[in-house]
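Have a look at the structure below, then the notes.
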Amino acid sequence: MPVTLTTAEHSPRRWKATKVSSAEELLKGSSPKNYRRSRKLIQNSFSQSLLDTSHVSASNHGFVWAVFHAYSDHHHLTLRPEDVWFSILTQLGFFVNAHAEELRSFFVAHEGQKELKVYDVGTVETVDFGRMALYMTSLIEKNVVDEDLRNWIMPDFSTTTESDKVVGAILMMGALQKYFSYTMSTLCGIPSVTLLGEREDWARMVTKLDKLRQLGDEPARFAQLLRPVLNHFVASFDRPDAPDVLTFWSKCAHEESMGSGPDYLTGWITVFCFWDEDGKLLHRENIHSSSSREFESGETEFGLDDALSRHVDTGDVPSGHASVPVTVDDNGTVYDTVMLAGLVGIEATSSGAMLDGTNNHAHSGVYLETRPYHPSAPTERADLNSIQPLSGWWMYEKERAEDAENRTREVQKIDNEISALDPRDDTSRRERLRLYTRLEELRAF
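Structure follows, in structure tokens:
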């Protein structure tokens, strides 16, 4: 339990330091140099309610100057373990950065700066950069010599708050900045993902991949790409809050515009666009005669990066359904039919949550730099906000052979009529447009 010491007999005095009214004003008083170099605050841990209801004064070292003023000006002093520990970490960071090369082998095994990148769903206006800093420390942990370094640095006292953890994370990043560069990337994404069924269902799907290798080298390569993706589905049951699992879902799909050229779909979802509808590879694959044997022996291991390195022209995304002709004999009456089945729709439901009414983002899901994404206040009604794929099937009777022949003759007739029209005549131009529209309808069959 906390302890209070009576260290002097005199009464305390009134604190007279100026109260700040905003996070920006606090930055200006605490670090004038950083304030002058800043354009605008993006995010901070100082809520306006805290600054409104508490008397907060700026200081370039809150611990040192609080102790000094408490002693010199007669104020009661309250300290947390974090106050002392952060002072130690700050000092240590100064030393490490001044002696980075001398200490390199103690901290890391690489030369120069290694880029570490974390991702989170949102925009610069909405993403939680504090959480991303915590993600970053997990990456640092994987890239330093001392595997216990992160646990040693991060505060874990009985008084530690979430904000304290972020402070510790940023101090850790600062102390090791000569060895690492840090990138935080925001992505458009899925607010939540629900995987139905049981974990065993998804794990069983992974084992089903073994059958693909028996079909040849291309299917074996397909299975190699699928395995890390499906393993992350299983991991979503085991570690739903783990940074690598959340990063996996943030990398599911992204559209890249090539300006006047084609648009490309990237992300691990492209693994499910391996072949086109004619069974031809949609992506240049590293396939050779031993692919299936390597899959069987486990000699070649493919990670998620292989799936993420792919791209598919958005116009080449194959359908998610297939069809098959079926002859139906209805007591002697024969019908030529087709059965079609697969992933044929998207079902939308409401989770009951209030909606963000913002609608100023680009159609591709990429928020425009010139038109920042500012989420609006939640709407006062719940509406459709959750989606999932819909599968189903149909059986339909095929058109008669004479219907196809009639359509072919109509196409030829329209082609002749278009050729006979005068392109300079207004009436002819309108008629030409009508005929072209009909032609497109016929050729779409």
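Note that the sequence shown covers residues 905 to 1349 in this note's numbering. Ideal placement from N, C-alpha and C gives every residue a C-beta, glycine not left out.
is_contact[residue i, chain C] using C-beta, thresh 9 angstroms
i: histidine 1136; result: The structure shown contains no chain C; it is built from a single protein chain.
CB contact flag (residue i, residue j, <9 angstroms)
i: glutamate 1181; j: serine 1223; result: yes
i: leucine 1247; j: proline 1293; result: yes
i: tyrosine 1039; j: valine 1022; result: yes
i: valine 1012; j: valine 988; result: no
i: alanine 1252; j: serine 1290; result: yes
i: valine 1031; j: threonine 1087; result: no
i: proline 916; j: histidine 978; result: yes
i: phenylalanine 1084; j: glutamine 995; result: no
i: glycine 1171; j: leucine 1212; result: yes
i: threonine 1063; j: arginine 1054; result: no
i: valine 1138; j: valine 1110; result: yes
i: glutamate 986; j: proline 1095; result: no
i: glycine 1078; j: glycine 966; result: no
i: leucine 1288; j: serine 1254; result: yes
i: glycine 1072; j: leucine 1150; result: no
Unbroken beta strand (DSSP E) run spanning residue i, endpoints
i: threonine 1170; result: 1167 to 1170
i: threonine 1237; result: 1237 to 1253
i: alanine 1226; result: 1225 to 1234
i: histidine 1215; result: 1215 to 1217
i: leucine 1020; result: 1018 to 1025
First and last residue of the uninterrupted alpha helix (DSSP H) at residue i
i: tyrosine 975; result: 966 to 977
i: glycine 1296; result: Note, glycine 1296: premise wrong, no alpha helix (DSSP H); beta strand (DSSP E) at 1290 to 1301.
i: tyrosine 1350; result: Any property of residue 1350 remains undetermined from this structure, which presents the chain solely from 905 to 1349.
i: alanine 1305; result: 1305 to 1324
i: lysine 1082; result: Segment: none, lysine 1082 is in no alpha helix (DSSP H) and carries neither H nor E.
i: lysine 1046; result: 1033 to 1046
i: isoleucine 1057; result: 1053 to 1057
i: asparagine 1001; result: 985 to 1002
i: tryptophan 1106; result: 1103 to 1112
i: tryptophan 1153; result: 1147 to 1154
i: proline 1132; result: 1121 to 1142
i: alanine 1211; result: 1208 to 1212
i: threonine 1064; result: Run containing threonine 1064: none; DSSP gives neither H nor E here.
i: leucine 955; result: 952 to 957
Euclidean distance between Cα positions of residue i and residue j
i: aspartate 1140; j: tyrosine 939; result: The sequence as given places serine at residue 1140; aspartate does not occur at that position. Between serine 1140 and tyrosine 939, the C-alpha separation is close to 41 angstroms.
i: valine 1175; j: lysine 1155; result: 12 angstroms
i: isoleucine 1044; j: isoleucine 1057; result: 12 angstroms
i: phenylalanine 1061; j: leucine 1020; result: 28 angstroms
i: leucine 1346; j: tyrosine 1239; result: 24 angstroms
i: glutamate 929; j: lysine 944; result: 12 angstroms
i: alanine 1107; j: isoleucine 1173; result: 19 angstroms
i: alanine 1002; j: serine 976; result: 33 angstroms
i: serine 991; j: threonine 911; result: 23 angstroms
i: glutamate 1309; j: glutamine 1316; result: 11 angstroms
i: histidine 1014; j: glycine 1026; result: 32 angstroms
i: alanine 1305; j: leucine 1100; result: 45 angstroms
i: glutamate 1102; j: leucine 1337; result: 55 angstroms
i: aspartate 1326; j: arginine 1333; result: 8 angstroms
i: alanine 1214; j: tyrosine 1168; result: With the sequence shown as reference, residue 1214 is identified as arginine, and alanine is not the correct amino acid for it. C-alpha separation (whole angstroms): 10 angstroms.
i: threonine 1065; j: tryptophan 1298; result: 57 angstroms
i: leucine 1116; j: phenylalanine 1126; result: 8 angstroms
i: lysine 1069; j: asparagine 1135; result: 30 angstroms
i: glutamate 1335; j: arginine 1328; result: 12 angstroms
i: alanine 1037; j: isoleucine 946; result: 14 angstroms
i: lysine 1302; j: isoleucine 1250; result: 26 angstroms
i: alanine 970; j: tryptophan 1153; result: 45 angstroms
i: aspartate 1234; j: proline 1123; result: 39 angstroms
i: valine 1221; j: leucine 1080; result: 44 angstroms
i: serine 1196; j: leucine 1119; result: With a pLDDT of 47 at serine 1196, under the threshold of 50, the modelled position of that residue is not reliable, and no figure is offered here.
i: aspartate 1105; j: leucine 1186; result: 29 angstroms
i: tyrosine 1271; j: phenylalanine 1178; result: Because the pLDDT at tyrosine 1271 is just 30, under 50, the model does not fix this residue reliably, and the value given afterwards should be weighed accordingly. So the two alpha carbons sit approximately 29 angstroms from each other.
i: arginine 1188; j: phenylalanine 1010; result: 43 angstroms
Cut-off 6 angstroms between Cβ atoms - residues of its own chain near residue i, not counting five sequence neighbours on either side
i: leucine 1208; result: Pro1132
i: serine 1067; result: Ser949
i: glycine 1202; result: Because the pLDDT at glycine 1202 is just 47, under 50, the model does not fix this residue reliably, and the value given afterwards should be weighed accordingly. Nothing meets the Cβ criterion.
i: valine 1232; result: Tyr1239 and Thr1241
Proximal residues to residue i (C-beta, below 7 angstroms), its chain only, five neighbours per side dropped
i: arginine 1342; result: Ile1318
i: aspartate 1210; result: Leu1129
i: glutamate 859; result: The shown model of the chain, from 905 to 1349, leaves out residue 859, and the question about it has no answer.
i: asparagine 964; result: Ser934 and Ser935
i: arginine 1035; result: Asp1024
i: glycine 1314; result: For the record, residue 1314 in the displayed sequence is glutamate; it is not glycine. Closer than 7 angstroms at Cβ, skipping near neighbours: Leu1346.
Residues near residue i in its chain [Cβ-Cβ closer than 8 angstroms; skip 5 each side]
i: leucine 1007; result: Val1000
i: methionine 905; result: none
i: asparagine 1047; result: Val1012, His1014, Lys1018, Leu1020 and Phe1084
i: alanine 1226; result: Leu1244, Ala1245 and Gly1246
Distance cut-off 8 angstroms: residue i Cβ against heavy atoms of the ligand ZN
i: arginine 1131; result: Looking at this structure, you won't find the ligand ZN or any other ligand, since it has none at all.
Taking contact to mean 3 or more Cβ pairs, one atom from each stretch, closer than 8 angstroms, check whether the segment 954 to 967 and the segment 915 to 929 are in contact.
yes
On the three-pair Cβ rule with 8 angstroms, is the segment 974 to 985 touching the segment 947 to 956?
no
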